[in-house]
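Chemist: The sequence shown begins at 39 in the numbering used here and counts up by one.
A virtual CB, placed ideally from N, CA and C, is assigned to each residue, including glycine.
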Amino acid sequence: MNKDIKMIVFDLDGTLLNDKKEILDQTVEVIEKLKKKGIRIVLNSGRTFNGMWKMRQKLNLMSFDDYSICGTGAFVRRNADGKALIENPLAKADYEFLEEMIRGYDLQLSIHTMNILYLNDEVPNEAFIVDQKQVSMPWFKFEKFEDIEDSISRIALNGDKEVLDDFYEKNKAKLQKDYKIMRNEIHLLEILNKNAGKSESLKKLCQILKLERENIMYFGDGMNDIKSLEFAGCGVAMGSGRQEAKKAADYIIGSNEQASIANFLKEYFNLDV
39 MNKDIKMIVF DLDGTLLNDK KEILDQTVEV IEKLKKKGIR IVLNSGRTFN
89 GMWKMRQKLN LMSFDDYSIC GTGAFVRRNA DGKALIENPL AKADYEFLEE
139 MIRGYDLQLS IHTMNILYLN DEVPNEAFIV DQKQVSMPWF KFEKFEDIED
189 SISRIALNGD KEVLDDFYEK NKAKLQKDYK IMRNEIHLLE ILNKNAGKSE
239 SLKKLCQILK LERENIMYFG DGMNDIKSLE FAGCGVAMGS GRQEAKKAAD
289 YIIGSNEQAS IANFLKEYFN LDV
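This is how it looks when you write it as structure tokens:
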């Protein structure tokens, strides 16, 4: 057991959030105790920066010394004003390359920015609707790339499993050459800048804050949490998460529907809450 923890990092959906997309009151209370002990709290999510606003507010992580890893590591932003410390955006050339690649496939393309989701269709398919609800962001149809008003954290391809499977198998090697690609959901293929990623940006933030991996505790549940769970001095996987995430962790706790995080932290840090 490593007691030299100086920063605790939380994935959101499926981890810190329950299925109603809420942080349990017990968890908030414990996190407040840890903050008073000088332990830094960081959120690390596939959500955009503004899609994480309610969680930052709930945990009172709004100062110039608080940070969020957002867009699956495409950006690390200062919570007080959204200023980017680390940036790994996608560009117009990436959009044009992907738009050409999906021609002939029944797939929709969505663009994730700090404030808005953009979709290349007037009628969203079911796969996009699921993703949009997950990140809790407004969306607009765009006609041309110049309609996009902010830096792009990721481009997602949304569609039926069978169509996405076919596209993925035929284009996987070509995409992996220049991008980081993730298939955390069967209906969704995420394309990121090659230098992005939840663990990659976590490591860079640690360098900025002069922290070692032994100083980090990480909570996660999904495929895109595996490298972060392995990197952290103390990796904690949700019992309701993916088996691959559990194998990468030092500890496995209960589900995100229970006060599993609060109970683990109270025991680990011997808190009287």
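What's the C-alpha gap between Met261 and Leu227?
Modeler: Taking the straight line joining both Cα atoms gives about 13 Å.
Chemist: What's the gap between the Cα of Ser174 and the Cα of Gly258?
Modeler: Ser174 and Gly258: Cα-Cα distance of roughly 19 Å.
Chemist: Between the C-alpha atoms of Met93 and Ile61, what's the straight-line distance to the nearest angstrom?
Modeler: Approximately 7 Å, taken between the alpha carbons.
Chemist: Measure from the alpha carbon of Tyr156 to the alpha carbon of each residue in Gly142, Tyr143, Ser189, Ala287, then state which is nearest.
Modeler: Residue Ser189 is the option with its Cα nearest to Tyr156.
Chemist: I'd like to confirm the pairing. Which residues does DSSP put opposite Ser148 in its beta bridges?
Modeler: Note: Ser148 sits in a beta bridge opposite Leu157, Ala194.
Chemist: What did DSSP end up calling Phe166 once you bin it into helix, strand or coil?
Modeler: Helix.
Chemist: Going by C-alpha distance, which of Leu213, Gln64, Arg78 is nearest Leu247?
Modeler: Minimum Cα distance to Leu247 is reached at Arg78.
Chemist: Which residue or residues does DSSP assign as beta-bridge partners of Tyr217?
Modeler: DSSP, once it has assigned bridges, lists Asn231 as partnering Tyr217.
Chemist: Between the segment 45-57 and the segment 82-101, do at least 3 Cβ pairs fall closer than 8 Å?
Modeler: A contact exists between the segment 45-57 and the segment 82-101.
Chemist: By the 10 Å Cβ neighbour count, where 16 or more other Cβ atoms means buried, how is Ala129 classified, buried or exposed?
Modeler: Classification for Ala129: exposed.
Chemist: Are the Cβ atoms of Leu230 and Tyr217 separated by less than 9 Å?
Modeler: Yes, they are a contact pair.
Chemist: Glu238 by DSSP, collapsed to three states: which one?
Modeler: Helix at Glu238.
Chemist: Examine the Cβ distances between the segment 235-242 and the segment 102-122 and report whether three or more of them are shorter than 8 Å.
Modeler: Yes, the segment 235-242 is in contact with the segment 102-122.
Chemist: Short of 7 Å in beta carbon distance, which residues of its chain neighbour Lys179, apart from the five on each side in sequence? Order them along the chain.
Modeler: So the list reads Leu157, Asp159, Glu160, once near-sequence residues are dropped.
Chemist: Alpha carbons only, please: which of Gly197, Asp132, Ile224 is nearest the one belonging to Lys232?
Modeler: Of the listed residues, the one whose Cα sits closest to Lys232 is Asp132.
Chemist: DSSP on Ala118, reduced to helix/strand/coil?
Modeler: Of the three classes helix, strand and coil, the one that applies to Ala118 here is coil, per DSSP.
Chemist: According to DSSP, Asp51 sits in a beta bridge with which residue or residues?
Modeler: Asp51 pairs with Leu55.
Chemist: Take the Cβ of Asn308 as the centre, count every other Cβ of all protein chains shown within 10 Å, and call the residue buried at 16 or more, exposed below.
Modeler: With fewer than 16 Cβ atoms within 10 Å of its Cβ, Asn308 is classed as exposed.
Chemist: In whole angstroms, what is the alpha-carbon distance linking Glu187 and Arg116?
Modeler: Each residue's Cα considered, the two are about 20 Å apart.
Chemist: Measuring alpha carbon to alpha carbon, tell me which residue in Glu125, Glu223, Ile149 is nearest Ala234.
Modeler: Per the Cα distances, Glu125.
Chemist: Within its chain, find whatever has a CB closer than 6 Å to the CB of Arg221; leave out the 5 residues flanking it on each side and keep chain order.
Modeler: For Arg221, where only same-chain residues beyond five positions count, the Cβ hits under 6 Å are Leu227.
Chemist: Using a Cβ-Cβ cut-off of 8 Å (strictly less than) and excluding sequence neighbours within five positions of Ser101, which residues of its own chain qualify?
Modeler: Cβ within range, chain order: Asn117, Ala118.
Chemist: Quick one: complete alpha helix (DSSP H) runs, 4+ long, within the segment 248-283?
Modeler: Within the segment 248-283, the complete alpha helix (DSSP H) runs of at least 4 residues are 264-269.
Chemist: When the distance is taken between beta carbons, is Gly120 closer than 9 Å to Gly279?
Modeler: Not in contact: Gly279 and Gly120 (Cβ atoms no closer than 9 Å).
Chemist: DSSP three-state call for Asn294: helix, strand or coil?
Modeler: Three-state result, Asn294: coil.
Chemist: Just to check my reading of the structure: Cys272 and Ile43 have Cβ atoms closer than 8 Å, yes? What is that Cβ distance to the nearest angstrom?
Modeler: That belief holds up - the Cβ atoms of Cys272 and Ile43 are roughly 6 Å apart, short of 8 Å.
Chemist: Look at the Cβ atom of Glu67, then the Cβ atom of Ala300, and state whether they are nearer than 9 Å.
Modeler: Contact: yes.
Chemist: What are the boundary residues of the beta strand (DSSP E) that Tyr105 is part of?
Modeler: Segment 105-108, the beta strand (DSSP E) holding Tyr105.
Chemist: Would you call Gln214 buried or exposed, if buried means 16 or more other Cβ atoms sit within 10 Å of its Cβ?
Modeler: It counts as exposed.
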